[in-house]
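Asker:
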Amino acid sequence: MNIFSTLRDWVVPKEIEEKFERTPKNLGSFRYDPWGYHPDTAIVSLTVVKQFFDHYFRVETEGIEHVPASGRVLIIANHSGQLPIDGILIGTAMATADQPRLARAMVERFFPTVPFIGNFLNQTGAVIGDPINCVRMLENEEAVIVFPEGVRGSGKLYKDRYQLKRFGNGFLHIAMATGTPIIPVGVVGCEETIPSAANLKPLANLLGLPYFPLAVPVVLPAKVHLAFGEPLIFENDATTEDEVTERVEQVKTAITQLIQKGLVKRKGVFV
Amino acid sequence: MSEQRKCVLVTGAAGALARGVIRRLVADHEIIAVDFRKRADLDGVAHSYRVDFNKRGFEDLFRRHHINGVIHLGRVGPHESNLTGRYNSNVLGTQRLLNLCVKYKVSQVVVLSTYFVYGAHAQNPTLLNEEAPLKASGLTHDLIDTVELENLCNVYLWKHPELHITVLRPCNIAGPGVRNSISRLLSSQLAPTLLGFSPMMQFIHVEDMAEALRLAWDHVSPGIFNVAPGDWVAYQDALVACGCTRVPLVSIPGMIPQQIAKVLNLKSFPSHLVNYFKYPVIMDGSAFAKKFGFKPRFQLEQIFRYYREKKRRQDFLSMFSDA
Chain A
1 MNIFSTLRDW VVPKEIEEKF ERTPKNLGSF RYDPWGYHPD TAIVSLTVVK
51 QFFDHYFRVE TEGIEHVPAS GRVLIIANHS GQLPIDGILI GTAMATADQP
101 RLARAMVERF FPTVPFIGNF LNQTGAVIGD PINCVRMLEN EEAVIVFPEG
151 VRGSGKLYKD RYQLKRFGNG FLHIAMATGT PIIPVGVVGC EETIPSAANL
201 KPLANLLGLP YFPLAVPVVL PAKVHLAFGE PLIFENDATT EDEVTERVEQ
251 VKTAITQLIQ KGLVKRKGVF V
Chain B
272 MSEQRKCVLV TGAAGALARG VIRRLVADHE IIAVDFRKRA DLDGVAHSYR
322 VDFNKRGFED LFRRHHINGV IHLGRVGPHE SNLTGRYNSN VLGTQRLLNL
372 CVKYKVSQVV VLSTYFVYGA HAQNPTLLNE EAPLKASGLT HDLIDTVELE
422 NLCNVYLWKH PELHITVLRP CNIAGPGVRN SISRLLSSQL APTLLGFSPM
472 MQFIHVEDMA EALRLAWDHV SPGIFNVAPG DWVAYQDALV ACGCTRVPLV
522 SIPGMIPQQI AKVLNLKSFP SHLVNYFKYP VIMDGSAFAK KFGFKPRFQL
572 EQIFRYYREK KRRQDFLSMF SDA
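Those protein sequences? They're chains A and B, same order as listed.
Each residue of the first sequence is one higher than the last, beginning at 1 in our numbering.
Each residue of the second sequence is one higher than the last, beginning at 272 in our numbering.
1) Under a Cβ-count criterion, where at least 16 other Cβ atoms within 10 Å of its own Cβ denotes burial, should histidine 38/A be classed as buried or exposed?
2) From leucine 223/B to aspartate 323/B, what distance separates their C-alpha atoms?
3) Pull up the distance between the alpha-carbon of methionine 272/B and that of valine 545/B, whole angstroms please.
4) For leucine 466/B, return the contacting residues in chain A, with the cut-off set at a CB-CB distance below 9 Å.
5) Would alanine 289/B and leucine 371/B qualify as a contact pair, given that the criterion is a beta-carbon distance under 8 Å?
6) What distance in whole Å lies between the Cβ atoms of tyrosine 32/A and valine 504/B, which are believed to be in contact at a cut-off of 8 Å?
7) At what residues does the beta strand (DSSP E) containing valine 279/B begin and finish?
8) Output the residue ranges of the alpha helix (DSSP H) runs that lie fully inside the segment 402-458 of chain B and measure 4 residues or longer, sorted by chain position.
9) Can you tell me the Cα-Cα spacing of proline 273/A and isoleucine 183/A, whole angstroms?
10) Taking C-beta pairs closer than 7 Å, name the residues in chain B that isoleucine 132/A reaches, listed in chain order.
11) 8 Å is my cut-off, CB to CB: does asparagine 205/A come that close to chain B?
12) If you drop the 5 nearest sequence neighbours on each side, which residues of the same chain put their C-beta closer than 7 Å to that of glutamate 401/B?
13) Note the first and the last residue of the continuous alpha helix (DSSP H) segment covering histidine 38/A.
14) Take the Cβ of serine 469/B as the centre, count every other Cβ of all protein chains shown within 10 Å, and call the residue buried at 16 or more, exposed below.
15) Does aspartate 54/A come within less than 8 Å of chain B when only Cβ atoms are used?
16) Answer with buried or exposed for histidine 55/A, where buried requires no fewer than 16 other C-beta atoms within 10 angstroms of its C-beta.
17) Give the C-beta separation of leucine 457/B and tyrosine 550/B to the nearest angstrom, bearing in mind that I take them to be a contact with Cβ-Cβ under 8 Å.
18) Check each residue of the segment 518-531 of chain B: if its Cβ is closer than 8 Å to any Cβ of chain A, include it; give the result in chain order.
19) Counting only C-beta atoms, is isoleucine 230/B closer than 8 Å to chain A at any point?
20) Going by DSSP, what residue range makes up the beta strand (DSSP E) through isoleucine 233/A?
21) Let me know the secondary structure DSSP gives proline 213/A once reduced to three states.
22) Taking only runs of the alpha helix (DSSP H) that begin and end inside the segment 455-531 of chain B, which ones reach a length of at least 4 residues, in chain order?
23) Decide if histidine 225/A is buried, meaning its Cβ has at least 16 other Cβ atoms within 10 Å, or exposed.
24) Assign glutamate 191/A to one of three DSSP states: helix, strand, or coil.
25) Who pairs with glutamate 277/A in a beta bridge, going by DSSP?
26) So valine 127/A contacts chain B; which residues on that side make the cut at Cβ distance below 8 Å?
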């Protein structure tokens, strides 16, 4: 129906097509899901992104077998790099794993107002970061990527790299309420893709953006390391918000350990 | 033992949806058909009236017939009256109808609402359930009457539980005979789109909606329910499937498409509904499906095929008229 449906036959290699066919999906008669996901757009985008994944960022993945082959799961990662490259790379790693999963990323709330981009993101599986969307998708047995640092993480400056910002508690409430396992992910490398020296707040306010980085307008080819941790399961028995915060800190600690592991492992920023 | 036939007053009787409902009820109900536009000519219906709810004569129907229930489908549309006129008919008229129901001890009321009440907002989550806030009146004044009508029903729902009010919020109703905005749009050769936007939409066939109303009538269960099938399609894909030629309009800033729609003044693309062609309003219809055992018979493709074939027929006829 759209241009991606035509492109699919031309550009998608057999290997990706085969993995994509094995990915669990819940589609309507016009091959959309209620959030606007469309497999033709998603697979063509995946084919393009896979080239950057393999040859530009040379992504190394570890522990991806911890992601269950099916069923609800929350992928919780550190956020960095001004643009959501980390989310795209985690999604690519999951979609091309031996047990492929479609990852649903929660994106900033202003994206639906941007022509073409909003629809495109929806068609590739992204949805606006609304707790109701998250709960509904988990009830639909989806894998959802959440960055609990939000714009605090993606907009951080280069001097603050690999220092986790405050995590919101929302994801843990959702995980407990829906009985969803959490897979912590440590992302190393995305901090160096668009190093930012400062946040130009007045310009960001003028443009209605959450931040506007003072940075070289180029995405640098930093080598990226993704470490997926073992599932963390929390019973829905927290009685106070302090208990929830304590559990959030457990997730944060797990991510910090995975980041440290990745930092030790890498030989240099670009190699 | 013979059971006495129930007497049902159906408003908006001249519309395609009401005809579908009446067809389903007429065998074992006495039907009182009313419409403010014209007297509906319906098979097997002895009592059909052209009447305005706000006129004094409307009460005579309740005096004349022992009405057991009301299926309230009649609405004054945006192309039939201005904002004040619509408020008077749709809100105050419905209030009068509900007051008469209380006065004459009507035991069941089914009201047709619309998914427009949720409002088309960029930050709407998907699969809105019945508890989601109704944002429409905050987003456009032209939909105040639709939200107020529901608020009114809510007040009567708890104040007069003896009325057993069931409110149904359907997604886009389409199919033969339907003359709402979306059906006019799908019927047209040229259909406006907003450049860079193709929101997800839900459609229900008019016959399925008539069946949903019949179920709501048969299984008395007061409350508010979304009526939407578990199938979705992007707006522009729906247009293509209906054989429409898409005409993209400048989409940002938001004022521009609204002004264009005002200038075009199309019944199919009213300015106050422009955002529904920009942002999705996707409902979760599972509560109704579960409670009333509702399963739509018509697939999206069957709905769209009707519009494709309608266009083919028009092309075919225009060939002869040209000749």
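The beta carbon of each residue, even a glycine, is placed where N, CA and C say it ideally should be.
Answerer: In short:
1) buried
2) Nothing can be reported for residue 223/B: it is not among the residues displayed for chain B, which extend from 272 to 594.
3) With a pLDDT of only 40 at methionine 272/B, under the threshold of 50, the placement of this residue in the model should not be trusted, and no figure is reported.
4) Pro115 and Phe116
5) no
6) Indeed, because the Cβ distance is near 6 Å, the residues count as touching under 8 Å.
7) 277-282
8) 407-410, 415-430 and 452-458
9) Since the first and last residues shown for chain A are 1 and 271, residue 273/A lies out of range.
10) Pro396
11) no
12) Sequence-distant Cβ neighbours of glutamate 401/B in its own chain, meaning closer than 7 Å and more than five residues away, are Ile495, Phe496, Asn497 and Ala558.
13) Looking at the DSSP string, histidine 38/A is not in any alpha helix (DSSP H), and its letter there is neither H nor E.
14) Per the 10 Å Cβ criterion, buried.
15) no
16) Counting Cβ neighbours within 10 Å, histidine 55/A comes out exposed, since fewer than 16 surround it.
17) Their Cβ separation, rounded to whole angstroms, is 19 Å, which puts leucine 457/B and tyrosine 550/B out of contact at 8 Å.
18) Closer than 8 Å at the C-beta level to chain A, one finds these residues of the segment 518-531 of chain B: Ser522 and Ile523.
19) The structure shown has nothing for residue 230/B, since chain B only spans 272 to 594.
20) Going by DSSP, isoleucine 233/A is part of no beta strand (DSSP E) at all; its letter is neither H nor E.
21) For proline 213/A, the secondary structure class from DSSP, reduced to helix, strand or coil, is strand.
22) As far as the segment 455-531 of chain B is concerned, its whole alpha helix (DSSP H) runs of at least 4 residues are 477-489 and 506-512.
23) Burial of histidine 225/A is indicated by the presence of at least 16 other C-beta atoms within 10 angstroms of its C-beta.
24) helix
25) This structure gives no information on residue 277/A, because the portion of chain A shown stretches from 1 to 271.
26) Thr397
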